[in-house]
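Trainee: Each residue of the sequence shown is one higher than the one before, starting from 132 at the first, in the numbering used here. Even for Gly, the Cβ is constructed at its ideal location relative to N, Cα and C. Here the structure is a predicted model, which means the values were calculated and not measured.
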Amino acid sequence: MTHSGAVQAAGGATPVDDLEFANSRRALAGWQGRLWAAAGAAFIAWHLWVLLVAPADPTVSRAAHVFLGAALGFALFAPGRRGGPRIPWYDWALMLPCLLIVAHYALDADGIEMRSFMGPNWQDLAAAGVGIVLVLEFTRRTAGLVMPAIGVVFLAYCFIGPWMPGPLYHRGVELAPALIEVFGNNGVLGTVVQVSATFIAMFVTFAAFLQVSNAGAYFNDLALAAVGWARGGPAKVTVISGLLFGTISGSAVANVVASGMFTIPMMRRVGYDRATAAAVEATSSTGGQITPPVMGAGAFIMAEVLGVPYTEIALAGLIPALLFYAANYIHCDLNARKAGIRGLPREELPRWLGLARRAYMAAPLVLLIWMLVIGFSPFRAAAWGIGATIAIMLGTALAHRLLLGAPPEGPSAAPARRQGPVAAVIGAVAETAGAIYGALSGSAREMMQLIAVCATAGIVAGVIGLTGVGGRFASLLLEIAGASAFLAMLFAMGVAIILGMGVPTTAAYAIAAAVVAPGLTRMGVEPLVAHMFVFYYATLSAITPPVALASFAAAGMAGADLWRTSMIAVKLGLATFIVPFLFWVSPALLAQGPLPGILLAVATALAGVWMLACATEGWMLNGPLPWPLRLAAGLLGLSLMVPEGYTDLLGLAGMAALVLYQRRIHPAARTEPAA
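1) Curious, which full-length alpha helix (DSSP H) runs of at least 4 residues does the stretch 423–493 contain?
2) Below 8 angstroms CB to CB, which residues in the same chain sit around residue 808 once its five sequence neighbours on both sides are set aside?
3) Considering only residues of the same chain and omitting the five flanking positions on each side of residue 792, which have a CB-CB separation below 6 angstroms?
4) Quick check: the Cα distance between residue 276 and residue 266, rounded to an integer number of angstroms?
5) I'd like to confirm the pairing. Which residues does DSSP put opposite residue 754 in its beta bridges?
6) Short of 8 angstroms in beta carbon distance, which residues of its chain neighbour residue 175, apart from the five on each side in sequence? Order them along the chain.
7) Verify whether the separation of the beta carbon atoms of residue 425 and residue 334 is less than 8 angstroms.
8) Compute the Euclidean distance between the alpha carbons of residue 795 and residue 739, then round it to the nearest angstrom.
9) For chain D, find out if any of its Cβ atoms is closer than 8 angstroms to the Cβ of residue 485; answer yes or no.
10) Specify the secondary structure class of residue 156 as computed by DSSP and reduced to three states.
11) If you draw a straight line from the C-alpha of residue 685 to the C-alpha of residue 282, how long is it?
12) Would residue 517 and residue 340 qualify as a contact pair, given that the criterion is a beta-carbon distance under 8 angstroms?
13) Taking all protein chains shown into account, decide if residue 241 is buried (16 or more other Cβ within 10 angstroms of its Cβ) or exposed.
14) Starting from residue 271, trace the alpha helix (DSSP H) both ways and give me its first and last residue.
15) Ignoring anything shorter than 4 residues, give me the alpha helix (DSSP H) runs that lie fully in the stretch 528–601, in order along the chain.
16) What whole-angstrom Cβ distance do residue 643 and residue 601 have, given they're in contact under 8 angstroms?
17) Looking only at C-alpha atoms, which of 184, 213, 177 sits nearest to residue 159?
18) Relative to the alpha-carbon of residue 286, which residue among 497, 236, 304, 733 has its alpha-carbon at the smallest distance?
19) Tell me, please, which residues DSSP counts as bridged to residue 208.
20) Is it true that the CB of residue 754 sits closer than 8 angstroms to the CB of residue 767?
21) For residue 543, I'd like the list of residues in its chain whose CB is within less than 7 angstroms of its CB, leaving aside the five on either flank, ordered along the chain.
22) Put residue 768 into one of helix, strand or coil per three-state DSSP.
23) Can you tell me whether residue 615 is buried or exposed? The criterion is at least 16 other CB atoms within 10 Å of its CB, across all chains shown.
24) Determine whether the beta carbon atoms of residue 417 and residue 673 lie at a separation below 8 angstroms.
25) I believe residue 383 touches residue 636 by the beta-carbon criterion, under 8 angstroms. Please report the beta-carbon distance rounded to the nearest angstrom.
26) Assuming residue 503 and residue 519 are in contact, meaning their beta carbons sit under 8 angstroms apart, how far apart are those beta carbons, in whole angstroms?
27) Which residue from 201, 316, 589 puts its Cα closest to that of residue 248?
28) Does the Cβ-Cβ distance between residue 421 and residue 448 come in under 8 angstroms?
29) In the DSSP assignment, find the alpha helix (DSSP H) that holds residue 354 and state where it starts and stops.
30) Work out the CA separation of residue 406 and residue 349 for me, nearest whole Å.
31) Taking the alpha-carbon positions, what's the residue 403 to residue 583 distance?
32) With 16 as the cutoff for other CB atoms within 10 Å, does residue 748 come out buried or exposed?
33) Rounded to the nearest angstrom, what separates residue 784 and residue 639 at their Cα positions?
34) With three or more beta-carbon pairs closer than 8 angstroms as the criterion, would you say the stretch 316–325 touches the stretch 175–195?
35) Does DSSP put residue 144 in a helix, in a strand, or in coil?
36) Would you identify the three-state DSSP class for residue 789, choosing helix, strand or coil?
In structure tokens form, the structure reads like this:
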């Protein structure tokens, strides 16, 4: 989804890998590097073939997705923090059982299906036992220790249930049934991996093609031209580019690394301190996970679990994403007002005429959104988006060669000359083929962590189904709800955030959905609301201390204090910590219900977001807010965000009075750039 490898910010900042808590990627050289690139491209091409041309047996395709991915992962990721240019012998040895498990499922698919009713043989048990160990090691290398540790704890719970207290008690499970259940279609090879092998693989590939076509750079230029000149311009550019890039990316840390290398130095240049610059980048990048049309990989799992079209999930996420980025933008503006931070000189910004000429760069994303809206499946929509991207790359290369000449092949090469039609077509096709190959192998690199964490999330889901602990947790939530439904929702929020700490977003949602969402639905919460509730808090764990992956990544790039960065990020995202409770009270903020009610809820919620931002920043319009007025602004903001008629009237009246007071006490002293 973004540039591979580590990126180092200016000024000697700590290198940050673009995968969340990964060990070192190897920079494979020579024939091993070429072999890995070819194998990765073939791996993604096989996914596209199975998804779009010739469907395969679902269980076989899931096994191939996980264990061919694991074989590639053992080649690319070192077991420790030191990589190297070569694959050592022990990682070649680890690839062998991965390939044997794929062969077992490919050659004996019917027998495996039959034995799922009659009882496994020793090959099935060996594949399950070895496969679980391989998945845990694959996840440790690509996502760090937290996720596999969770998997090990849940596996141990299968066998220590008879000694557990209270609601954690169960009778215990024998080894063979546990292995088969946790590894099979209810566990590792279950729903979460099915989503990874279909929706996630397709959209990761689409995002990689967009990156190769330089669409990400175009979106960044678009944001620069739109608001780079405004008060606090670079921070606002960060917010808007996070929104635009977030639509094609599924990792908060990947977003931070991809855009932070440009935006953090820009913010520092105009006067933002290190921690604030890092927090703005972390928060806006995290918001990409809740932004339609892609909403990160977790939203595809939600659609599969709920059995609803993905477009329904994307529509429900539209208003909360709007509120999230509105809050970010307002905070940046208020912070710039307080500190007197100006924007960038207009002569340094991209020209609108040049951007208009490159508007075709946004065509694949526009086409994707349009096709989803008119009812195409996500597979077909993404496939058409990939096709449009390839057409743009080919057309651009051809036009460049015909009008300007072939690109020079080195710094000492002669100036480019225009080519004839035949030479231009041959050169453009070869250049585009190389870009396609790069996009396919790049997609494989970006898929590694997602495959691993989805497979480990499958272990957790399998244990929950096998032991029934999910039902007992639901009963615990019901007991709390008997005293107070609000306390139960607070408890669910805390569990979702804690489960997401130190875990990539996709796995965070998958685990929280298995543990928390069933309890919420048994409380009477609508399934879509329950899943969106846990999805948002699992996502926000990326900026929530004490383990805030996105905040830590941004702080590392900016050379900022980790804790201060995380606390500022929480302040910037405060509105989104509140919004899930609001769509629990009224689903209007999930675009559920009549249109007038939805529009009114959006308008008053935006006003509430502004009031909350003023309260937390301690600034409104042209002057500071003293503490009593900050408290009043916060309460009025909450009143406006609650979608009820009497709270809206109270909030609007109070906001008007506060604005009039501020204008009287702190009149505008000078003309400032527009917000």
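Mentor: Based on what the coordinates show:
1) Runs of the alpha helix (DSSP H) lying entirely within the stretch 423–493, each at least 4 residues long, are 429–437, 441–447, 449–470, 483–488 in chain order.
2) Residue 808 cannot be examined here, being either before or after the span of the chain that is shown, 132 to 806.
3) Reading the sequence shown from its first residue, position 661 is the one you call residue 792. So the list is empty, once near-sequence residues are dropped.
4) Translated into positions along the sequence shown, residue 276 becomes position 145. Translated into positions along the sequence shown, residue 266 becomes position 135. So the two alpha carbons sit approximately 13 angstroms from each other.
5) On the sequence shown, position 623 is the one that residue 754 refers to. In the DSSP assignment, residue 754 forms a beta bridge with 751.
6) Taking the sequence shown and counting its residues from 1, one reaches residue 175 at position 44. So the qualifying residues of the chain are 332, 336, 571, 572, 574, 575, 578.
7) Numbered from 1 along the sequence shown, position 294 holds the residue referred to as residue 425. Numbered from 1 along the sequence shown, position 203 holds the residue referred to as residue 334. Result yes, Cβ atoms of residue 425 and residue 334 sit closer than 8 angstroms.
8) Indexing the sequence shown from 1 puts residue 795 at position 664. Indexing the sequence shown from 1 puts residue 739 at position 608. If you take the alpha carbons of residue 795 and residue 739, they lie about 22 angstroms apart.
9) Within the model displayed, chain D is absent; a lone protein chain is all it includes.
10) The count along the sequence shown starts at 1 and reaches residue 156 at position 25. Three-state result, residue 156: strand.
11) As a position in the sequence shown, residue 685 is number 554, starting the count at 1. As a position in the sequence shown, residue 282 is number 151, starting the count at 1. One C-alpha to the other measures close to 28 angstroms.
12) On the sequence shown, position 386 is the one that residue 517 refers to. On the sequence shown, position 209 is the one that residue 340 refers to. Between residue 517 and residue 340, the gap from beta carbon to beta carbon is short of 8 angstroms.
13) Indexing the sequence shown from 1 puts residue 241 at position 110. The residue in question, residue 241, is exposed, as its Cβ has fewer than 16 Cβ neighbours within 10 Å.
14) Working through the sequence shown from its first residue, we reach residue 271 at position 140. Taken as a continuous stretch (DSSP letters only), the alpha helix (DSSP H) holding residue 271 covers 253–274.
15) Listed in chain order, the alpha helix (DSSP H) runs fully inside the stretch 528–601 are 552–598, counting runs of at least 4 residues.
16) As a first step, residue 643 must be located in the sequence shown, where it is residue number 512. As a first step, residue 601 must be located in the sequence shown, where it is residue number 470. The pair is not a contact, with the Cβ atoms about 12 angstroms apart (cut-off 8 angstroms).
17) Numbered from 1 along the sequence shown, position 28 holds the residue referred to as residue 159. Selected option, being the one with the closest Cα: 213.
18) Mapped onto the sequence shown, residue 286 falls at position 155. The residue with the shortest Cα to Cα distance from residue 286 is 304.
19) Here the question's residue 208 lines up with position 77 in the sequence shown. Per DSSP, 156.
20) As a first step, residue 767 must be located in the sequence shown, where it is residue number 636. As a first step, residue 754 must be located in the sequence shown, where it is residue number 623. Against a cut-off of 8 angstroms, the Cβ pair of residue 754 and residue 767 comes out as no contact.
21) Numbered from its first residue, the sequence shown carries residue 543 at position 412. Confidence is the limiting factor: at residue 543 the pLDDT is only 47, short of 50, which leaves the residue's position unreliable and the question unanswerable from this model.
22) Residue mapping note: residue 768 aligns to position 637 of the sequence shown, counting from 1. In the three-state scheme derived from DSSP, where H, G and I count as helix and E and B as strand, residue 768 is classed as helix.
23) Within the sequence shown, numbered from 1, the residue matching residue 615 stands at position 484. Taking all protein chains shown into account, residue 615 has fewer than 16 neighbouring C-beta atoms within 10 Å of its C-beta and is therefore exposed.
24) Within the sequence shown, numbered from 1, the residue matching residue 417 stands at position 286. Within the sequence shown, numbered from 1, the residue matching residue 673 stands at position 542. Contact flag set, yes.
25) Counted from its first residue, the sequence shown places residue 383 at position 252. Counted from its first residue, the sequence shown places residue 636 at position 505. Taking a contact as a CB-CB distance under 8 angstroms, the pair residue 383 and residue 636 counts as one, their CB atoms being some 6 angstroms apart.
26) Numbered from its first residue, the sequence shown carries residue 503 at position 372. Numbered from its first residue, the sequence shown carries residue 519 at position 388. Contact between residue 503 and residue 519 does not hold, since their C-beta atoms are separated by about 14 angstroms, which reaches or exceeds 8 angstroms.
27) Position 117 of the sequence shown, counting from 1, holds the residue named residue 248. Here the closest residue by C-alpha is 316.
28) If you number the sequence shown from 1, residue 421 lands on position 290. If you number the sequence shown from 1, residue 448 lands on position 317. Yes, Cβ-Cβ distance for residue 421 and residue 448 is below 8 angstroms.
29) As a first step, residue 354 must be located in the sequence shown, where it is residue number 223. From DSSP, the alpha helix (DSSP H) with residue 354 extends over 346–358.
30) Stepping through the sequence shown from its first residue, residue 349 is reached at position 218. Stepping through the sequence shown from its first residue, residue 406 is reached at position 275. Distance between residue 349 and residue 406, taken at the CA atoms: about 27 angstroms.
31) For the purposes of this step, residue 403 is taken as the residue at position 272 of the sequence shown. For the purposes of this step, residue 583 is taken as the residue at position 452 of the sequence shown. When rounded, the separation of the alpha-carbon atoms in residue 403 and residue 583 is 37 angstroms.
32) Within the sequence shown, numbered from 1, the residue matching residue 748 stands at position 617. So residue 748 ends up on the buried side.
33) In the sequence shown, residue 784 corresponds to position 653, counting from 1. In the sequence shown, residue 639 corresponds to position 508, counting from 1. Spanning the two alpha carbons is a distance of roughly 41 angstroms.
34) Taking a cut-off of 8 angstroms for Cβ pairs, the stretch 316–325 and the stretch 175–195 touch, as three or more such pairs fall below it.
35) Position 13 of the sequence shown, counting from 1, holds the residue named residue 144. Because residue 144 carries a pLDDT of 42, less than 50, the predicted location of this residue cannot be relied on, and the following value inherits that uncertainty. Residue state, collapsed to three classes: coil.
36) The residue labelled residue 789 in the question sits at position 658 within the sequence shown. Of the three classes helix, strand and coil, the one that applies to residue 789 here is helix, per DSSP.
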